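Residue numbers (this note's numbering), protein chains in the order written: chain G, 1237 to 1513; chain C, 124 to 503; chain V, 5 to 574.
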């Protein structure tokens, strides 16, 4: 029996060492934390960046804007992704801990209001959207659609996406109680794709062929209308660093990637709007 | 080999020294062991302390606390935040009750079947299967609920539920009609002849069977807006709780002595009567422990409810509507902690700890209850 | 009650309980079937040529028959690309430009030749009459040009070449104001005109053709937008058409088409056979509408492309069965859209083994204390109660504790790390290990202890050399089962150890770095991933892998236990 335990332990240790040996030792690392909306950009940037710098290990957590700030405050990450600007209290607590947050706007994002492709409604006004989300309108019939209850899908109340939507569309009114809350843009889109009478809002990058974006105030959300400022529900996306990163460091390269030609194209390809548009 | 008295005395003294050292070493070893054994205790103390410490700022503010338990206005991200968690508590209770309503009868029936009805060999093969069901990670269940079950429930929910009601309900109703008709015949038509009795029996059976039939047809055309709802979460949680309930109540049932069972059978009761009137009452404390542990598994579960319950902040309308999405405590904690601005130590961060404190208290109370029941049994 | 009724009740109760057993089996089957079937589908599936292309170009692995496949698919795609190129760039490009420019020159020259008529018109007293006259002249002057451009637009709309036509019109609208200005200036030189007269001329002789241009351009742009939407669908399905185009792209997901048959079919249905077009609704607002592309492009060359694609999909994609074992051992590429799940498997391994290494010694020692040393009393029953209580703490509370104690207070690591996660998981599984080990120790017969003591062994010696070895299999069972539990737990690692993307860690990095892990990434992939519905096979594959790990551990435990029971019987 002693043999068994000794063997097991040995095997485990061997496996651990072997597993570790396979993996290359990373020299420099960038830790990124924060918003799920900025997540796809950082992931794509990371993939692109690691191609030319294979020795840089980049880890990305998409745990929300608030968590991003927290990690930055605790010096637990190098870059905090935020889909909103840093709040005053957060800024203060950063400064208190000796961290000087510097904002880098990496892209613009429009919030598209999406419905199922089978839905007859194609255009809404800001007022109508606000009425749907505050519960004053509860049936598609009132908007010229089928006679069916509207399934209201919202992002979690503390995501940056929700805050932007709440500010720009709802003017800080309360969301109707029956609304469903989902944790991410992808989940919101899936809900709309699988539910005929659902309405939701997602970042422009998440609109694909499985859902239909509504035109707001007669303007279709796309890169052009967002960049020109015509589309009313739009916002900048941020990466925050502690101070301005040292020129030439990996973090410096990373937060300035969006200014390069490839970076601009990546931003565009993901469905966001480049700041150089 | 000639030892002087001096030497002997020296040896004796050395011996005493040795034994003192030995005793000291033994004492030291025991203390180290004790310290290690106290790790769970320390963990509990630290958990309690830290959860309490982080939730204290919230409980200090009395205005918040009253709102916390009585209001449904949950708006933690506003400038003037509201922390009315009533609907979240309600959602937790709803999902828990719903899953227990499924898991307890089913779990006890399976346990009875395994310990009393099927042959030991079959029971022996079933035990690992049930254990495997318990071993499957909760995120796998959550994945199943979200990706496989929710679309089915949303698109064919009415048909699914009505067929379950009809298939399971009609035989059960027909069974229930039997004792009912017997009682009716015994009380009302004592002297009646055979034919009217038969008619009466059939009448009862049809009337009883009509209930699930009616219920089944009335839910057939129901439209479920969202596949991720209280029902989905309840069903999946029930599947997770069943193994716990089965294995513990099975142990309790097999602990009941053979003499009880054989005595009852010898007195002429059927197996059914033996089980209902003798076995279950004898094993009731063990079964109660099983139910409590199943309940605890359900109430503390995070991933399934997070993924399957829809996370809506509304108390369903009407209040028993299981087709509406709800939100639970665990899902709120898991979903909002990432977004709460922890650096500022805001009320929103502390309210989540307050929630987990409530969860922790419930868990501890339940645990104490189960241990109390267990000790009462063993004391008897 | 009658005996017969009692019997029926008894029988039916028996039946009911059998039915409940059957229901449990059914539940297991219904639960496992889709996960196993689809999970195996992550490894064994109908691949397209794009999958092999990815393997060859990115990972340097050449699958058998790859070159032949590539040739065949390229041959099948060639006609489509030719059709598209032909449609995008009409052959009589240069010829058309010449024709239009000639028409424009002619129109502008009219300005000079008819100068007198224009001046006469400008001198008319009545303002309305004057306007009409000037308009009529402008109309007559520009109509050949406008006819030419609308003919071009209509022709291209019907026969293809809208892209180049739009380009021509755009160039025209850029150069026309300048040319018109030149012509007008020469007109001004002939006669001195008032500012108002000048502006009237400018309006009618520049804005007029410009608006006609804009109208036609808009028509073409709308058609182009629809075509571009179609083209984007084709690119999503097949990947970039040429190597040069591939060079320009940055995202891996754009460099290759759909790697799996089911995905290819979905994309073909959703993005090629259906497209979204921008239109005006009844109230004049722009809206997006989904249309069937065959219907929308009826009568244009695009219809031919669609029918060609419908006929030749299998040849273009080269569907074939493949086994992709790299799913387990490859790194993920482009947020898991390509590649495998190795970092997650490794992360789960680290967390599980770490939790075991911490919890097993503690748990076994505690069990030894409880069963060999402890004398019944207040202290021991308190300790025992705490073990029970720890077992009843909800897993999410462990996660919060790990966050607030291990990370925010003790700072075992700067932020999330494998170490913090492993400690949290160790606390979670500690009670299970203690209970199982205690059971195992209890089942060691007392005669063993007495024999050891009788032979003169000390307490510790007897525990070490006699009791522990005979209790070992039972302890192992408990440890292995709790390893399974640790591998599958998600809630405790959300705040302490898990990230959604990251490279596989080396052993020495576990103390400071967070890792992706199977349970968290399953959640992340199916609810937070930006293309959650396109990576379902990865999700299923991860769930199956996780379940397989956990169930294998449990199977091992069950086998060990069965062995012990056999031994005990003997």
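Where is the CB? At the ideal position from N, CA and C, for every residue including glycine.
Predicted model, so just to flag it, every value in this text is computed and none were measured.
Residue 224(C) counts as exposed, since fewer than 16 other C-beta atoms from the protein chains shown sit within 10 angstroms of its C-beta. Contact of residue 274(V) with chain G by beta-carbon distance below 8 Å involves 1445 and 1446. Here DSSP, grouped into helix, strand and coil, assigns residue 533(V) to coil. Using a CB distance below 7 Å, the part of the region 1292-1307 of chain G facing chain V consists of 1293, 1295, 1296, 1297, 1298 and 1307, ordered along the chain. Under the Cβ distance rule, residue 318(C) does not count among the residues neighbouring chain V, no pair being separated by less than 9 Å.
Closest by C-alpha distance to residue 395(C), out of 13(V), 569(V), 408(V) and 229(V), is 13(V). Taking 9 Å as the cut-off, the Cβ atoms of residue 209(V) and residue 164(V) do not count as close.
Using a Cβ-Cβ cut-off of 7 Å, residue 294(V) is close to 1353 and 1448 of chain G, given in chain order. When C-beta atoms of the region 231-245 of chain C are compared with those of the region 18-30 of chain V, three or more pairs fall below 8 Å, so the two segments count as touching. A buried status is given to residue 1423(G), since no fewer than 16 other beta-carbon atoms sit within 10 Å of its beta-carbon.
The distance from the Cβ of residue 459(C) to that of residue 1392(G) is about 7 Å, consistent with a contact at the 8 Å cut-off. In the structure shown, the three-state DSSP call for residue 1385(G) is strand. The residue among 25(V), 35(V), 46(V) and 255(V) with its C-alpha nearest the C-alpha of residue 330(V) is 46(V).
Against residue 387(V), the close residues of chain C are 160, 161 and 164, in the order they occur along the chain (beta-carbon pairs closer than 7 Å). Around the beta carbon of residue 541(V), a 10 Å sphere encloses 16 or more other beta carbons of the protein chains shown; the residue is thus reported as buried. As summarised for the region 187-254 of chain C, the continuous alpha helix (DSSP H) elements at least 4 residues long and confined to that stretch are 209-235, given in chain order. Contact between the region 334-344 of chain C and the region 416-434 of chain C is absent: fewer than three C-beta pairs spanning the two stretches fall below 8 Å.
Under DSSP, residue 1268(G) takes part in a beta bridge, and its partners are 1296(G) and 1315(G). Residue 436(C) has a beta carbon lying within less than 9 Å of a beta carbon in chain G.
Here the alpha carbon of residue 487(C) sits roughly 15 Å from the alpha carbon of residue 387(V).
By the rule that beta-carbons nearer than 9 Å mark a contact, residue 1428(G) does not touch chain V. Taking 7 Å as the cut-off between beta carbons, the residues of the region 341-370 of chain C near chain G are 348 and 349, in sequence order. Rounded to whole angstroms, residue 257(C) and residue 1399(G) show a C-alpha spacing of 40 Å.
For residue 264(V), the three-state secondary structure derived from DSSP is strand. Classified as exposed, residue 82(V) has fewer than 16 neighbouring CB atoms from the shown chains inside 10 Å of its CB.
Along the length of the region 1401-1447 of chain G, whole alpha helix (DSSP H) runs at least 4 residues long occupy 1421-1430, reported in chain order. Close partners of residue 448(C) in chain G (Cβ separation under 7 Å): 1416. By a beta-carbon distance limit of 8 Å, residue 518(V) contacts residue 502(V). Their separation comes to about 7 Å. Taking a C-beta distance under 9 Å as the contact criterion, residue 1268(G) and residue 1303(G) do not qualify as a contact pair. With respect to the C-alpha of residue 1495(G), the residue from 1481(G), 1506(G) and 1510(G) having the closest C-alpha is 1510(G). Looking at the DSSP output, residue 49(V) sits in a beta bridge with 326(V).
Remark: C-beta atoms of residue 79(V) and residue 319(V) approach each other more closely than 9 Å. Close to residue 490(C), with beta-carbon spacing below 8 Å, are these residues of chain V in chain order: 392, 393, 395 and 396. Comparing alpha-carbon positions, the option among 1467(G), 1485(G) and 1451(G) lying closest to residue 288(V) turns out to be 1451(G). Not one beta carbon of chain C lies nearer than 9 Å to the beta carbon of residue 1375(G). With respect to the 9 Å criterion, residue 230(C) and residue 364(C) are classified as neighbours on the basis of their beta carbons.
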